[in-house]
Each structure stands twice: as structure tokens, then as C-alpha cells.
Amino acid sequence: MVHIIGGGLAGSEAAWQAAELGAEVVIHEMRPVRKTAVHQTDGLAELVCSNSFRGDKLDNAVGLLKEEMRQLGSLVMRAADHARVPAGAALAVDRHAFSRLVTEALASHPRITIAREEIDHVPTPESGWSPVIIATGPLTSDALSADIQRLVGDEHLAFYDAISPIVLADSIDMSKVFRASRWDRNVWQAPDRAEGRSRKADYEPPSGQPAADSTSSHPPAPDRTCSHPSAPEGDYLNCPFTKDEYDAFYDALVAAESATVHDFDSVKFFEGCLPIEVMAHRGRDTLRFGPMKPVGLTDPKTGRYPYAVVQLRQDTLAGDHFSLVGFQTQIKWGDQARVLRMIPGLENAEFVRFGMVHRNTYICGPKVLEPTWQTRFRADLFFAGQVSGVEGYVESAASGLLAGRNAAALALGRTPRALPRTTAMGALAHYVARADPAHYQPSNITHGIMEPLANPPRDKARKKALIAARALDDLREWMGEAALSGR
Ligand SMILES: Cc1cc2nc3c(=O)[nH]c(=O)nc-3n(C[C@H](O)[C@H](O)[C@H](O)COP(=O)(O)OP(=O)(O)OC[C@H]3O[C@@H](n4cnc5c(N)ncnc54)[C@H](O)[C@@H]3O)c2cc1C
Numbered sequence: 489m490v491h492i493i494g495g496g497l498a499g500s501e502a503a504w505q506a507a508e509l510g511a512e513v514v515i516h517e518m519r520p521v522r523k524t525a526v527h528q529t530d531g532l533a534e535l536v537c538s539n540s541f542r543g544d545k546l547d548n549a550v551g552l553l554k555e556e557m558r559q560l561g562s563l564v565m566r567a568a569d570h571a572r573v574p575a576g577a578a579l580a581v582d583r584h585a586f587s588r589l590v591t592e593a594l595a596s597h598p599r600i601t602i603a604r605e606e607i608d609h610v611p612t613p614e615s616g617w618s619p620v621i622i623a624t625g626p627l628t629s630d631a632l633s634a635d636i637q638r639l640v641g642d643e644h645l646a647f648y649d650a651i652s653p654i655v656l657a658d659s660i661d662m663s664k665v666f667r668a669s670r671w672d673r674n675v676w677q678a679p680d681r682a683e684g685r686s687r688k689a690d691y692e693p694p695s696g697q698p699a700a701d702s703t704s705s706h707p708p709a710p711d712r713t714c715s716h717p718s719a720p721e722g723d724y725l726n727c728p729f730t731k732d733e734y735d736a737f738y739d740a741l742v743a744a745e746s747a748t749v750h751d752f753d754s755v756k757f758f759e760g761c762l763p764i765e766v767m768a769h770r771g772r773d774t775l776r777f778g779p780m781k782p783v784g785l786t787d788p789k790t791g792r793y794p795y796a797v798v799q800l801r802q803d804t805l806a807g808d809h810f811s812l813v814g815f816q817t818q819i820k821w822g823d824q825a826r827v828l829r830m831i832p833g834l835e836n837a838e839f840v841r842f843g844m845v846h847r848n849t850y851i852c853g854p855k856v857l858e859p860t861w862q863t864r865f866r867a868d869l870f871f872a873g874q875v876s877g878v879e880g881y882v883e884s885a886a887s888g889l890l891a892g893r894n895a896a897a898l899a900l901g902r903t904p905r906a907l908p909r910t911t912a913m914g915a916l917a918h919y920v921a922r923a924d925p926a927h928y929q930p931s932n933i934t935h936g937i938m939e940p941l942a943n944p945p946r947d948k949a950r951k952k953a954l955i956a957a958r959a960l961d962d963l964r965e966w967m968g969e970a971a972l973s974g975r
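Here the working numbering runs 488 ahead of the position in the sequence shown, where the first position is 1.
Below is the structure:
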């Protein structure tokens, strides 16, 4: 019997994989018995902030990671593809539909039981729980956090992250905003078209979200072959600023009161998810080169790029909620409403959710884990998801996918296996287990942590295509070996 503590992205995917391989599974999820500071529902795999799974193209490392997960029968990817909403080049979902699909699939699986309870300690081998996957996420409950700390020692770390606000669509002044995707790239596919194995080329615009791929800073030529029919003018709503408007907004932002943290330099944030006020304190133009970057967004009223832009991304299938892209913040809510209403088009915005700061708990993977997601000191104990030291929704689910398969292997009397480092999933596991522990930072998947090509071509697009082709070939071979040995 595989015991999985935490029914988030990692735990849900792990449970699905283990059960599909034939193991009996119990998911121990503490909500609604005990809530976290951020989750708002009882659903499994709840997305706590952005509704985006980032880029979905094979020449982008996170796009490749998703494709590998699809090949391995990922429940998270299946649900995401079905709950897809228009989001330019990114794969974004209706968060409620997504969580519902995952919850229903797990609840109706004949080999899965869902126990709604908090687990306050790491189960010992004597408890009879074996194997165990800890997938309790960045907001692992205090009691369990303390026990994990006892188990792994000082390597148990914490830092802070911040989340973006969401506004009601009806409250946006549509006469001031314009619809467009950066570089006119609207590449949303309807769910029925998105089911095939080959994905349409696309590009996640620089948006201030965690960089999906360190090598994808230049957009490829626009691909208009699969534009979302209901959003022919672009998937994002763009709020354009003049220089005067930007200056006034900037001055108000740096003067606004932070909710919890005043000494910005002393707090460890994940660099790819910095609060806007932290970025603003780095310089007047930092935001114009980050989440408020105007390039590729021509304002139809002027025929030019605005001085700065705030992008709004659809957050629900019904289109009634929009999130501010890359606008995670920890400003006090009163000040937050006042400052954000200085954004052209948001003067009367009603906030469905304010941005906020949160704790992020993770272990030092390189001191604790193997690339199979097993702990070094106990082969039947696994960590997966954000608490294992990965960063991001997709990465969390991907780690759960392999941890679930390997826990099932143990439960069924087989041997857990790592994936080759030439695959995105294998590279992620290798990074978490083998990075320098002294300077360990959770990472999104990037081409930089994948096995380099032996003879890389100079052309970047060609190089990325070769990395993707090699990854998918090696994954197929790995899956073939697994099938032959009954794994
Ligand atoms: C506020 C916030 C915003 C984030 N924003 C983004 C974003 O925009 N994009 C992105 O890619 N990533 C984001 N992340 C990072 C990360 O990708 C998500 O946290 C993701 O949900 C991690 O998946 P997980 O399965 O590891 O954890 P979770 O999805 O949090 O799941 C963990 C589950 O474990 C349960 N649990 C905790 N303790 C116990 C216990 N003791 N017993 C039983 N159950 C327990 C929780 O209730 C929860 O359901 C964000 C994280 C936070 C906290």
C-alpha cells in the first residue's frame, strides 16, 4: 500500500501513477479538516496562484517537460488540457474545472482511497506505512514541518514567495485596454484539438512569471495557425501606460506599505517570482523591463508600443476573472487596491483576490534525495513536489509522477528507477539530488540543467529541437525497458 501525504499537484499525480501501475494507494489530505493560509477549496490539485502552466512548446524546457508527462499518462496534464483557457502561448486553465477533473478521477479510481486528515509526523517504518511519499507542498503544516526538520536536520529551509491579484472582468474599463498577445501570438487550442500528441509551436511572452526556459528570450516567428476563434485579437487584456501615468504609478508603488516585510534585502524570495514592489525598489525602470514590458504589444489607438503595459490574463473559462500577470505583491490590501487602481483600465477594479506573501518550505534535496525521489537514509520514504525542492506547478507534478511510479515499484516488489538526464523529468530529478547543497535554490526546469548535447549546432532553434527529440527518444526507450520488466 502506497501512502501519500498531501493531495496537491505532486500528491495527486503520484497517486494516479501508483494506482495505474497496480498499487493500492491512500492519499492523506488535511483540507478541509485543517486549512492552509492560501488554499481556498477542498479540491485536490488546487492551483493557489496563477492559473498558468507556462509555455507549451517543445523547444521550451517546460513545454518538453509537459510532453514527457503526457507520454507517461499524466493525470495533471490530461486535466489541464481539458480545462484549458485562452492564454496566448501558455497553457493556462480554469482552476476550478482543473481541480474538479483531478479530484473526480482520483475519487473514482478503484485502487485509491482519500483520507481527509492531517498527518503530524513522518510515519516510521514500524508504523506499517510503506512506502510513503511526503508531498505536502510549500505550506506543509507546522507539526509535520517540525518532524521533517528533526529528520533532515538544518537543511530544512524556508523562504518567501508572493502571489498576484485577480480582478472581476466586469470591473475593467474596456475602453482603455486593448486585446493582444505579445507579438500577435495567439496559439490557444480548443481542448478537443489539444489532445493529439504533437503540440503547436508557441512562445510564452516575457511576463514576469518564473522564466520557463533560460534560453527562450527571443520569440520565434509568429504562429497564427491555431488562434483561439473567440479571441481573434489576442488572448491578453493590456493596460497601456503613458510616461506620466507610469511615473505616478511607480511613485505610489514604492511609497505603499508592505504587509509583512519592510527590509526587502534581508528576505529570500524566489528570483523568478519577485513582488512588484521589490522589483520597483531596484530601480525606476526595472518593471518596464520585467512584467510591465511593452515590446510586442502595439496599442491600436496609437499604432505604437505604450510606455509600459500591465497584462491581464483570463483566469476562468467563463472569462469573468482576470489575473494581473507577473504582479505578485505583498502590499497591504488597502494600499494595494489604491495603487493597482492607478493602472489605466483598472480605476474601478473589484478584486476577487489580493496579492499576498506566503511561506515556502522545502528540504535541501542534494543532501536528502536520490534522483528516484527516494531519501538516501530510507529507501521507502520519498519526497515530491515543492517540499522536495522543485519550483512550480508543472515541476511539482512531474516529481510526483516519478515518485508515484517508483513507490508503486517498491510496493509491487520491483526496483525504482531514475529517468535519463537527457529528459526534462530526469534532469529535474538529477538537479534536485545532485546540485551543490551549499548554494541550493529550488529551480524551474530549464535547458541549462539538462544534459548538454555532445555537438551542439550554433543555431538556437535547431539546438532546442535536437534536445527535445533526444529527450523523447530516450523517454520512449526508458518506457520500453519499463514495460519489458513489468514496471
Ligand atoms: C502562494 C503560492 C503561490 C504560488 N504560485 C505559483 C504559481 O503561480 N505558479 C507556479 O508554477 N507555482 C506556484 N507556486 C509554487 C508551487 O508550484 C505550488 O505551491 C504547487 O501547488 C506545489 O505543488 P505541491 O503538490 O508540492 O503542493 P500543494 O499543491 O500545496 O499540495 C500540498 C497539499 O498537502 C496538504 N498538506 C499540507 N500539510 C499536510 C499534512 N501535514 N497532512 C496532510 N496534508 C497536508 C495541503 O493541504 C495541500 O493540499 C506557489 C506556491 C504558493 C504557496
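Glycine included, every Cβ here is placed at the ideal spot set by N, Cα and C.
Could you name the residues of the same chain whose beta carbon sits closer than 6 angstroms to that of residue i, not counting the 5 residues immediately before and after it, in chain order?
i	result
Gln697	In this prediction, Gln697 has a pLDDT of 31, which is less than 50 and means its spatial position is unreliable; what the coordinates show is noted afterwards. Taken in chain order, the residues that qualify are Gly814.
Arg681	Low confidence applies here, because Arg681 scores a pLDDT of 28, under 50, leaving its location unreliable; read the following figure in that light. Cβ within range, chain order: n/a, list empty.
Asp608	Ala631, Leu632
Ile764	Phe815, Thr817
Asp582	Ala571, Val573, Thr804, Leu805
Ala744	Ile819, Asp823, Val827
Glu838	Leu656, Ser659
Ala567	Phe586, Leu589, Val590
Going straight from the alpha carbon of residue i to that of residue j, what length do you get?
i	j	result
Ser629	Ile636	11 angstroms
Arg841	Ile654	5 angstroms
Gln505	Arg964	17 angstroms
Asp732	Ala953	44 angstroms
Arg522	Glu605	8 angstroms
Ala956	Ala949	11 angstroms
Leu785	Ser540	20 angstroms
Asp808	Phe586	16 angstroms
Asp690	Arg572	In this prediction, Asp690 has a pLDDT of 26, which is less than 50 and means its spatial position is unreliable; nothing more can be read from the coordinates.
Gly778	Pro611	44 angstroms
Trp966	Arg558	15 angstroms
Ala577	Glu614	49 angstroms
Pro626	Thr790	44 angstroms
Ala886	Ala736	43 angstroms
Pro728	Gly968	52 angstroms
Leu882	Pro940	A quick correction: the sequence has Val, not Leu, at residue 882. Rounded to the nearest angstrom, the two C-alpha atoms are 22 angstroms apart.
Met938	Val878	15 angstroms
His927	Lys855	12 angstroms
Ala700	Arg902	A caution first: Ala700 carries a pLDDT of 29, below 50, which makes its placement in the model unreliable, though a value can still be read off. In a straight line, the C-alpha of Ala700 is about 34 angstroms away from that of Arg902.
Asn943	Glu517	47 angstroms
Thr730	Arg670	18 angstroms
Return helix, strand or coil for residue i, following the three-state DSSP convention.
i	result
Ala836	In the sequence as displayed, the identity of residue 836 is Asn instead of Ala. In this structure, Asn836 counts as coil in the three-state DSSP scheme.
Phe541	strand
Phe865	coil
Leu553	helix
Phe871	strand
Ile660	coil
Asn848	strand
Pro945	coil
Ile492	strand
Leu1025	Residue 1025 is absent from the structure shown; the chain starts at 489 and stops at 975.
Ser980	One cannot answer for residue 980 here, as it falls past the ends of the chain, which runs 489 to 975.
Ser562	coil
Val526	coil
Ser811	strand
Ser746	strand
Ala578	strand
Tyr724	strand
Ile900	According to the sequence as given, residue 900 is Leu; it is not Ile. Leu900 falls in the coil class under three-state DSSP.
Thr601	strand
Can you tell me the Cβ-Cβ gap for residue i and residue j, rounded? I've got them flagged as a contact below 8 angstroms.
i	j	result
Leu560	Leu775	In fact, because the Cβ distance is near 39 angstroms, the residues do not count as touching under 8 angstroms.
Ala768	Leu741	5 angstroms
Ile515	Ile602	5 angstroms
Leu725	Ile660	7 angstroms
Asp723	Ala575	5 angstroms
Ala959	Ile933	Going by Cβ atoms, the distance from Ala959 to Ile933 rounds to 11 angstroms, so no, they are not a contact pair.
Ser884	Leu497	4 angstroms
Output needed for residue i: all residues of its chain with C-beta closer than 7 angstroms, excluding positions within five of it in sequence on either side, in chain order.
i	result
Leu563	Ser500, Glu501, Trp504, Val590, Ala593
Met565	Lys554, Met557, Arg558
Report all residues from its chain with a CB closer than 8 angstroms to the CB of residue i; omit the five preceding and five following residues, and keep chain order.
i	result
Gly510	Arg599, Ala896, Leu900
Arg792	Thr786
Segment contact flag, the stretch 817-837 with the stretch 658-666, C-beta cutoff 8 angstroms, min 3 pairs: yes
If contact is defined by three or more beta carbon pairs under 8 angstroms, each pair taking one atom from either stretch, is the stretch 857-865 in contact with the stretch 902-917? yes
Decide yes or no for the touch test of the stretch 546-554 against the stretch 891-898: beta carbon pairs closer than 8 angstroms, at least 3 of them. no
When the Cβ atoms of the stretch 527-537 are set against those of the stretch 865-880, are three or more pairs found closer than 8 angstroms? no
Would the stretch 522-531 count as touching the stretch 616-624 if we require 3 or more Cβ pairs under 8 angstroms? no
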